[in-house]
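Peer 1: Can you read through this structure? Questions will come right after.
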DNA sequence: GTCTATATTCCGATAGAC
DNA sequence: GTCTATCGGAATATAGAC
């Protein structure tokens with residue numbers, strides 16, 4: 055892994071750990087054992103780093119989508135949920151949730167890329183649900199987009215709320231999301 | 055309104071606007087046309103102010119709960135949802151969501167009070183749902199607690215995600231939450 | 001590409017006058 | 001209870017050597 059990649063990875067972890075406005079270049083420099091000035095060599099400003107963190111998530115989501123192309127809707131749903139499973143294991147929140155609460159403080163470019171990420175996930179899940187309903191493996195009464203919004207907010211919110219009410223609640227929500235699609 | 059109350063209100067708005075780590079005493083002082091030092095007279099530290107903002111929400115939720123005591127579950131559900139309706143009108147996010155993403159940076163006392171607030175809302179909604187199911191006005195298959203968690207995460211998440219995908223999505227989620235309880 | 005050193009700004013907090 | 005003035009620390013960012 056290049057230094058640049060390591061900085062992006064650490065920035066991502068810090069944003070989802072503490073929030074965008076709480077982490078500093080010093081957090082990254084001490085963790086990677088490099089100096090403040092070295093980070094600025096790779097990223098002129100903190101906002102530049104923030105944009106690249108979001109872009110990295112866009113890239114990873116696109117990879118995830120491709121990795122399950124052509125598979126049945128159930129497999130694609132599992133892939134979608136795996137995003138939040140791994141985030142929960144890290145004891146972090148998701149990038150969209152973390153930056154949405156800080157949205158009025160971030161640069162326009164960052165906001166734009168974050169909206170792109172959020173919409174990419176939303177459109178993907180909407181298609182998964184629509185396909186699954188058509189094939190008779192998923193059941194729901196809402197439009198596919200609304201159902202997708204409900205599932206996304208369930209998972210995003212579960213990561214945040216379960217920090218306060220206990221980890222069991224995350225898994226209770228996760229299981230209920232899956233079960234609701236199978237019986238209605 | 056006393057200066058102290060005005061500071062708490064402004065602090066609340068700033069936390070839900072920009073996030074706890076993004077607002078400064080200067081934001082409050084310029085808005086209220088008082089000086090930095092005056093805020094410190096009322097609140098020794100920023101964390102002290104943060105704790106009082108959370109306590110104010112606890113007080114308001116307790117008031118809201120009392121205001122609909124003895125009413126039918128549908129009325130109580132509307133009262134619950136009104137929390138998020140007014141937050142959406144303000145173009146802010148909810149306090150639990152805003153502080154949950156910053157949780158690892160806040161003082162233990164603040165975290166403790168926030169957990170108290172989150173649990174108070176959760177227990178209240180759980181009881182509303184259990185009562186409504188028993189009386190035959192609400193329908194759901196999950197445990198009342200899990201259903202409450204799903205509705206809370208829907209609304210909390212709707213405030214955040216709709217900042218990126220559009221306000222219409224907030225209302226689509228809100229309506230679907232209500233409709234799901236009436237038919238299943 | 002990484003370093004030392006430093007400029008600059010901002011923020012939380014305090015001392016002491018009124 | 002609010003003010004002026006200031007301290008001390010932290011953070012982003014830059015200049016310039018290696």
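Chains as they are written, first to last, in this note's numbering: chain Y, 55 to 238; chain V, 55 to 238. The beta carbon of each residue, even a glycine, is placed where N, CA and C say it ideally should be.
Compare the C-beta of residue 150(V) against all C-beta atoms of chain Y and say whether one is closer than 8 Å.
Peer 2: Residue 150(V) counts as touching chain Y.
Peer 1: With the cut-off set at 8 Å, would you say residue 196(V) and residue 230(Y) are in Cβ contact?
Peer 2: Result yes, Cβ atoms of residue 196(V) and residue 230(Y) sit closer than 8 Å.
Peer 1: Closer than 8 Å by beta-carbon distance: list the chain Y residues that pair up with residue 227(V), in chain order.
Peer 2: Per Cβ cutoff of 8 Å: 200, 203, 204, 207.
Peer 1: Do residue 66(Y) and residue 117(Y) count as a contact pair if the criterion is CB distance below 8 Å?
Peer 2: No, they are not a contact pair.
Peer 1: What would DSSP say about residue 88(V), mapped onto helix, strand or coil?
Peer 2: It is coil, neither helix nor strand.
Peer 1: Flag residue 241(Y) as yes if its beta-carbon sits less than 8 Å from any beta-carbon of chain V, otherwise no.
Peer 2: This structure leaves residue 241(Y) out entirely; chain Y is present only between 55 and 238.
Peer 1: Looking only at its own chain, which residues have a Cβ that is under 6 Å from the Cβ of residue 138(Y), when we skip the five neighbours before and after it?
Peer 2: If we look at residue 138(Y) and ignore the five residues flanking it on each side, its Cβ neighbours are 209.
Peer 1: What three-state label does DSSP hand residue 95(V) in the structure shown?
Peer 2: It is helical.
Peer 1: Please report how far the alpha carbon of residue 170(Y) lies from the alpha carbon of residue 150(Y), in whole angstroms.
Peer 2: Straight-line Cα distance between these residues: approximately 10 Å.
Peer 1: Under 7 Å between beta-carbons, which chain Y residues line up against residue 73(V)? List them in chain order, please.
Peer 2: Going along chain Y in sequence order, the residues near residue 73(V) (Cβ under 7 Å) are 73, 75, 155, 156, 159.
Peer 1: To the nearest whole angstrom, what separates the beta carbons of residue 146(V) and residue 157(Y), a pair I think is in contact under 8 Å?
Peer 2: That belief does not hold up - the Cβ atoms of residue 146(V) and residue 157(Y) are roughly 11 Å apart, past 8 Å.
Peer 1: Rounded to a whole number of angstroms, what is the C-alpha to C-alpha distance between residue 186(V) and residue 175(V)?
Peer 2: Whole-angstrom Cα-Cα distance: 16 Å.
Peer 1: Counting pairs of Cβ atoms below 8 Å between the region 93-113 of chain V and the region 160-169 of chain V, do you hit three or more?
Peer 2: Output reads yes: the region 160-169 of chain V touches the region 93-113 of chain V.
Peer 1: Could you have a look at residue 209(Y) and say whether DSSP puts it in helix, strand or coil?
Peer 2: If DSSP states are grouped into helix, strand and coil, residue 209(Y) belongs with the helices.
Peer 1: Taking residue 172(Y) as the query, report the chain V residues whose CB atoms sit under 8 Å from its CB, ordered along the chain.
Peer 2: Correct list: 215, 218, 219.
Peer 1: Which residues mark the beginning and the end of the alpha helix (DSSP H) in which residue 106(Y) is found?
Peer 2: Segment 100-121, the alpha helix (DSSP H) holding residue 106(Y).
Peer 1: How many Å lie between residue 133(V) and residue 192(V) at the Cα?
Peer 2: Taking the straight line joining both Cα atoms gives about 16 Å.
Peer 1: Considering only their Cβ atoms, is the gap separating residue 201(Y) from residue 213(Y) smaller than 8 Å?
Peer 2: Not in contact: residue 213(Y) and residue 201(Y) (Cβ atoms no closer than 8 Å).
Peer 1: Quick one: residues in its chain with C-beta nearer than 6 Å to the C-beta of residue 224(V), no 5 flanking neighbours on either side, listed in chain order?
Peer 2: Once the five neighbours on either side are set aside, the close Cβ partners of residue 224(V) are 142, 212, 216.
Peer 1: I want to see whether chain V comes within less than 8 Å of residue 91(Y), judged by CB atoms only; does it?
Peer 2: So, not an interface residue.
Peer 1: Going by the CB atoms, is the gap between residue 205(Y) and residue 179(Y) shorter than 8 Å?
Peer 2: Against a cut-off of 8 Å, the Cβ pair of residue 205(Y) and residue 179(Y) comes out as a contact.
Peer 1: If the cut is a Cβ gap below 7 Å, which residues of chain Y does residue 129(V) touch?
Peer 2: Correct list: empty, because the minimum Cβ distance to chain Y is about 24 Å.
Peer 1: Looking at residue 58(V) and residue 96(V), is the spacing between their C-beta atoms short of 8 Å?
Peer 2: Against a cut-off of 8 Å, the Cβ pair of residue 58(V) and residue 96(V) comes out as a contact.
Peer 1: Counting only runs that start and end within the region 152-216 of chain V, where is the beta strand (DSSP E) found for 3 or more residues in a row?
Peer 2: Runs of the beta strand (DSSP E) inside the region 152-216 of chain V: none found.
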